[in-house]
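Residue numbers (full-length UniProt numbering), protein chains in the order written: chain H, 1 to 488; chain V, 1 to 488.
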Ligand SMILES: Cc1ncc(COP(=O)(O)O)c(C=O)c1O
Ligand SMILES: Cc1ncc(COP(=O)(O)O)c(C=O)c1O
């Protein structure tokens, strides 16, 4: 109260003008206006509003369960037992399920997944992750002390960017990211006030990564900031490609030469087109010999959200840090302790992913059957997407090699581009919004991920069930033809 | 590779010198050196190293399950069904458990808690939270649009601080926090590079909050920064007190007059000493009439981690924002979408907390029995702690009114203070470390939370089971007497 007892007439404390300006710069297309409109349309449909379609088909986000994929039985059985341990006495559950649950519970405080875990993550889970990495990489050792469990891969990625973020003006940290990129990167860079340094993937060569382009981008950035970290998303999101072993080796050499910290986002390795095997950065680094493996700083990220698991809601993930300065590692451990710990159920689920049923164990057969079914369906849908889209004049689609995304290029008529610009919309946003209104198909415009000036794309996940995906692709084909005619 | 093919001899990219300097300033005592040493001692005991005690008793962290508290059956049953929905066909589970699980699953994408949720949190959970708040506050309305589900309360608190963080030099955001405080605040303020503005709680009056002290602190801060937010932890952590209704009203008046954004950390309301009822800031604000309720900006925080639930590992929480500028709210919604969503199991658990079994439902009786048992044990242990500690010359302990923490003041002999200082240790760190080595009791030194210059404290949770707590208190008594003698 002011002197005379009346409240002073001041405005709000926190307004668009007074708030953190970096937060305002954050963009996040995957959950942007298209998705908000899609949710609205779904409500309208429920309320009986007439539309030229009966349902919204969402291919905007890599969320397998939301698209109807069933969870893996083994995962959920173990998680149920961890949650309600009285079920350990139930004959319904196989012995390997019970053993896994007991082992996880024994490593939790008070044998409860309701206890905080250590901030770096449950000990036995970190050991299992390290063993898994070692198997994955043909025996190259992995140290549990280098494993940090995270709240989804997102959390790990933001944390490492935070550690690297420093300087002002020309000394400000530059973060090299691929264009197109997964917008978590651009958003976090904006939030931290770091500098986004773009390098372009080569669409003509199936979204491959050229060292000359890295070099160009780095040189340009050095004029105005301090580029110190290079992020690679492999398999690609939104682009779905898998980088070759040679490419990874070249990138590591480049990072070593230019003194860049490497961040390898490897969350998406799902299925592999023949000849497009996944190679982890860690493995290639160690195969390059001690000159590299003892020097190059690398953080790599994994998640329970993608691959055949699709367990996004649990927010499980891990990162492995290699060659991190011990003092920095101590700082990292301290930093993650401020938020206490990642969710224990997500940690437990991560454990099951890296320690899945083995031949001879009672759950093995069902697990393999479920896993294989999901992976072959993904492979089939990847092919289908590429094939159908490439029959459409004005759409061209690279093969989807190893993630659940495709990023087809679309040719837009000049008149539609002008109309979009007049509306203050990106031309591919205009396209996707029209597509949504007319067909109920929800995609994300390429502009949300970045693309070469003058090119247009959309990102589409291949997750809808096969028949729905066929419907989607055919509707999309029809729409694109109509749209092209209408604006020609 | 450099021109001649050899790698340049450069040091690491990321070192203690090049890393984010704000991160280096972060301190987090609750998981600091004492706790690290305690973990080490536990390992040594396991390996057979002889110690003057048989086990480490941890009273350093508010982690009920880790201290042996059993989870609430109803919560875990519903969560098990949400995790493994085939159990919905099992006769073992009561109907209300099944109904709750079905309701939660129906509001998840693909009926799976493995799907990403909307970033603000599952719709039906936000509705249930709003209804709960409305009941709690005697009918004052709560809007589900103002509810954000979070990854533990920690996540919500950091997010709001982030929004408020701005400016440079004298315009830098100042964050007013109580001393002693919960170190999440000081850590987040350091990480963001904001200015920590201390106000001292009145230990002599049971850790109450004096407006004159707020005034002093604010005035001093205005000389060098822009204090724009006032954080109140009620019930207190580490101090365990419950602020009176009058005090809360005075604080709100102060915030209105001085144009401060209010953050009310209300995670800890557990049990209530007679005459120390809990009043939510929201309720008091609305009871003060539209002059206040239409103006004062407030964010309040709740969690599944504390109270009778103790479900820390699930990382469930929510915040309610009141009078937030709509543009800022849109920015908040965008910001939380970058990390996709809080863990779905934590959200589901939060739903059960705010929507617990009602009279007449099959789970009601067991639920009430379990809940009451936990709350009365806490009340008993609070009394016990206060009583025993106050019999020790040189220890004085305020009543533990409404959280699971006590923050007793200790008188330390001059010689021990000097010895600590010679070692570069805070005197109460020196004390707690000796206590740990000699008795196995793990507490957190007061210096980790802040305290008036020249005073010394420790924080102790009252969570160990009653008999262990008695052992702890008696060992502590003995140790304090010995320590005092030794250094006198
Ligand atoms: C390339 C990439 N990185 C990181 C993430 C974040 O995954 P999460 O936080 O769910 O583990 C995603 C999710 O789609 C992704 O595609
Ligand atoms: C006062 C206070 N605020 C916030 C938290 C964070 O709780 P969580 O993130 O587990 O919900 C705690 C935990 O101890 C606390 O005591």
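Backbone N, C-alpha and C fix where the C-beta goes; we use that ideal spot for every residue, glycine too. All values reported here derive from a predicted model rather than from experimental measurement.
Problem set entry | Contact residues within the region 337-357 of chain H, judged by C-beta distance below 8 angstroms to chain V | 337, 338, 339, 340, 341, 342, 343, 344, 345 and 346
Exercise. Which of the three DSSP states, helix, strand or coil, is assigned to residue 4(H)?
Worked result: Walking along the first chain from the start, residue 4(H) turns up at place 4. Because the pLDDT at residue 4(H) is just 44, under 50, the model does not fix this residue reliably, and the point stays unresolved.
For this session: Note down, in chain order, each residue of its chain lying with its Cβ closer than 7 angstroms to the Cβ of residue 302(H), except the 5 sequence neighbours on either side.
Result: In the first chain, counting from the first residue as 1, residue 302(H) sits at position 302. Excluding positions up to five away in sequence, the list reads 153, 266, 267, 317 and 318.
For this session: When you get a sec, list the residues whose CB is within less than 6 angstroms of any heavy atom of ligand 1, chain order please.
Result: 62(H), 152(H), 153(H), 154(H), 182(H), 184(H), 233(H), 237(H), 265(H), 267(H), 268(H), 303(H), 305(H), 312(H), 317(H) and 340(V)
Problem set entry | Any C-beta of chain V under 8 angstroms from that of residue 4(H) | The residue given as residue 4(H) occupies position 4 in the first chain. Confidence in residue 4(H) is poor, its pLDDT being 44 and thus under 50, which makes the residue's placement unreliable; the coordinate value appears in the next sentence. Answer no: the Cβ-Cβ gap between residue 4(H) and chain V never drops below 8 angstroms.
Exercise. Roughly how many angstroms separate the alpha carbons of residue 252(V) and residue 245(V), rounded to a whole number?
Worked result: What you label residue 252(V) is simply residue 252 of the second chain in a count that begins at 1. What you label residue 245(V) is simply residue 245 of the second chain in a count that begins at 1. Each residue's alpha carbon lies about 11 angstroms from the other.
Exercise. Excluding sequence positions up to five away, which residues of its chain have a Cβ less than 7 angstroms from the Cβ of residue 85(V)?
Worked result: Residue mapping note: residue 85(V) aligns to position 85 of the second chain, counting from 1. Closer than 7 angstroms at Cβ, skipping near neighbours: 105.
Exercise. Which chain H residues sit within Cβ distance under 7 angstroms of residue 328(V)?
Worked result: By one-based count along the second chain, residue 328(V) stands at place 328. Chain H residues near residue 328(V): 14, 15, 16 and 19.
Exercise. Going along the chain, which residues of the region 410-428 of chain H sit with their C-beta nearer than 7 angstroms to a C-beta in chain V?
Worked result: none
Exercise. In the DSSP assignment, what residue or residues form a beta bridge with residue 467(V)?
Worked result: Start at 1 with the first residue of the second chain, and residue 467(V) comes out as number 467. Answer is none; residue 467(V) lacks a bridge partner.
Problem set entry | Residue span of the alpha helix (DSSP H) that contains residue 375(V), given as start and end | What you label residue 375(V) is simply residue 375 of the second chain in a count that begins at 1. Element bounds for residue 375(V): 364-390.
Exercise. Residues of chain V with CB under 7 angstroms from residue 40(H), in chain order?
Worked result: Here residue 40(H) refers to the residue found at position 40 when the first chain is read from its first residue. Simply none; closest approach about 13 angstroms.
Exercise. Cβ of residue 157(V) within 7 angstroms of any heavy atom in ligand 2?
Worked result: Your numbering for residue 157(V) matches position 157 in the second chain. Yes, the beta carbon of residue 157(V) sits closer than 7 angstroms to at least one heavy atom of ligand 2.
Problem set entry | Distance, residue 120(H) Cα to residue 330(H) Cα | In the first chain, counting from the first residue as 1, residue 330(H) sits at position 330. In the first chain, counting from the first residue as 1, residue 120(H) sits at position 120. Residue 330(H) and residue 120(H): Cα-Cα distance of roughly 11 angstroms.
Exercise. Is there at least one Cβ from chain H nearer than 8 angstroms to residue 238(V)'s Cβ?
Worked result: The residue given as residue 238(V) occupies position 238 in the second chain. Judged by the 8 angstroms Cβ criterion, residue 238(V) is not in contact with chain H.
Problem set entry | Length of the line joining the Cα atoms of residue 62(H) and residue 223(V) | Locating residue 62(H) in the first chain gives position 62, counting from the first residue. Locating residue 223(V) in the second chain gives position 223, counting from the first residue. So the alpha carbons of these two residues sit roughly 50 angstroms apart.
Exercise. Can you give, in chain order, each stretch of the alpha helix (DSSP H) that sits fully within the region 20-91 of chain H and has at least 4 residues?
Worked result: 21-25, 33-46 and 73-83
For this session: Could I get the ranges of all uninterrupted alpha helix (DSSP H) runs contained in the region 267-355 of chain H, with 4 residues as the minimum, in chain order?
Result: 281-287, 290-293, 326-337 and 344-354
Exercise. In the structure shown, what three-state DSSP assignment does residue 184(H) receive?
Worked result: Along the first chain, read from residue 1 onward, the residue named residue 184(H) stands at position 184. Looking at residue 184(H) - three-state DSSP - the assignment turns out to be helix.
Exercise. Taking 8 angstroms as the CB-CB limit, is residue 1(V) close to chain H?
Worked result: Position 1 of the second chain holds residue 1(V). With a pLDDT of only 39 at residue 1(V), under the threshold of 50, the placement of this residue in the model should not be trusted, and no figure is reported.
For this session: Using the Cα positions of residue 458(H) and residue 204(H), report the straight-line distance between them to the nearest angstrom.
Result: The residue you call residue 458(H) lines up with position 458 of the first chain. The residue you call residue 204(H) lines up with position 204 of the first chain. Whole-angstrom Cα-Cα distance: 16 angstroms.
Exercise. Should residue 290(H) go down as buried or exposed, given a rule of 16 or more other Cβ atoms within 10 Å for buried?
Worked result: In the first chain, counting from the first residue as 1, residue 290(H) sits at position 290. Looking at its Cβ environment, which holds fewer than 16 other Cβ atoms inside 10 Å, residue 290(H) is exposed.
Exercise. Given that residue 152(V) touches chain H, what residues does it touch there, using C-beta distances under 8 angstroms?
Worked result: The residue you call residue 152(V) lines up with position 152 of the second chain. Neighbours of residue 152(V) on chain H, chain order: 339 and 340.
Problem set entry | Alpha-carbon spacing of residue 188(H) relative to residue 442(H), whole angstroms | Here residue 188(H) refers to the residue found at position 188 of the first chain. Here residue 442(H) refers to the residue found at position 442 of the first chain. Residue 188(H) and residue 442(H) have their C-alpha atoms roughly 25 angstroms apart.
For this session: Return the chain-ordered ranges of every beta strand (DSSP E) run that is complete within the region 223-257 of chain V and spans a minimum of 3 residues.
Result: Counting only runs of 3+ residues, the beta strand (DSSP E) found wholly inside the region 223-257 of chain V occupies 226-233, in chain order.
Exercise. Quick one: Cα of residue 472(H) to Cα of residue 112(H), how far?
Worked result: Position 472 of the first chain, counted from the first residue, corresponds to residue 472(H). Position 112 of the first chain, counted from the first residue, corresponds to residue 112(H). As the crow flies, the alpha-carbon of residue 472(H) is around 45 angstroms from that of residue 112(H).
Problem set entry | Exposure of residue 305(V), with buried meaning 16 or more beta-carbon neighbours within 10 Å | Residue mapping note: residue 305(V) aligns to position 305 of the second chain, counting from 1. Buried is the call here.
Problem set entry | Own chain, CB closer than 7 angstroms to residue 236(V), minus 5 neighbours either side, in chain order | Locating residue 236(V) in the second chain gives position 236, where the first residue counts as 1. The residues are 207 and 403.
Exercise. When you compare only the Cα positions, how much space is there between residue 124(V) and residue 77(V)?
Worked result: Translated into the one-based positions of the second chain, residue 124(V) becomes position 124. Translated into the one-based positions of the second chain, residue 77(V) becomes position 77. Spanning the two alpha carbons is a distance of roughly 19 angstroms.
For this session: Flag this pair as yes or no: are the beta carbons of residue 47(V) and residue 56(V) separated by less than 8 angstroms?
Result: Position 47 of the second chain, counting from 1, holds the residue named residue 47(V). Position 56 of the second chain, counting from 1, holds the residue named residue 56(V). No.
Problem set entry | Rounded C-alpha distance that separates residue 132(V) from residue 296(H) | By one-based count along the second chain, residue 132(V) stands at place 132. By one-based count along the first chain, residue 296(H) stands at place 296. If you take the alpha carbons of residue 132(V) and residue 296(H), they lie about 52 angstroms apart.
For this session: Return the chain-ordered list of same chain residues with a C-beta closer than 7 angstroms to the C-beta of residue 73(H), the five sequence neighbours on each side being excluded.
Result: Sequence index remark: in the first chain, residue 73(H) carries index 73 (1-based). So the qualifying residues of the chain are 366 and 370.
Problem set entry | Within-8 angstroms CB hit, residue 147(H) to chain V | Working through the first chain from its first residue, we reach residue 147(H) at position 147. Interface with chain V (8 angstroms Cβ-Cβ cutoff): residue 147(H) is excluded.
Exercise. So is residue 398(V) in contact with chain H if we call contact Cβ pairs under 8 angstroms?
Worked result: As a first step, residue 398(V) is located in the second chain; it is residue number 398 there, counting from the start. With 8 angstroms as the cut-off, residue 398(V) does not count as an interface residue toward chain H.
Problem set entry | Contained beta strand (DSSP E) runs [length at least 3] in the region 140-176 of chain V, N- to C-terminal order | 147-151
Exercise. By DSSP, does residue 125(H) sit in helix, in strand, or in coil?
Worked result: Within the first chain, the letter at position 125 stands for residue 125(H). Correct three-state label for residue 125(H): helix.
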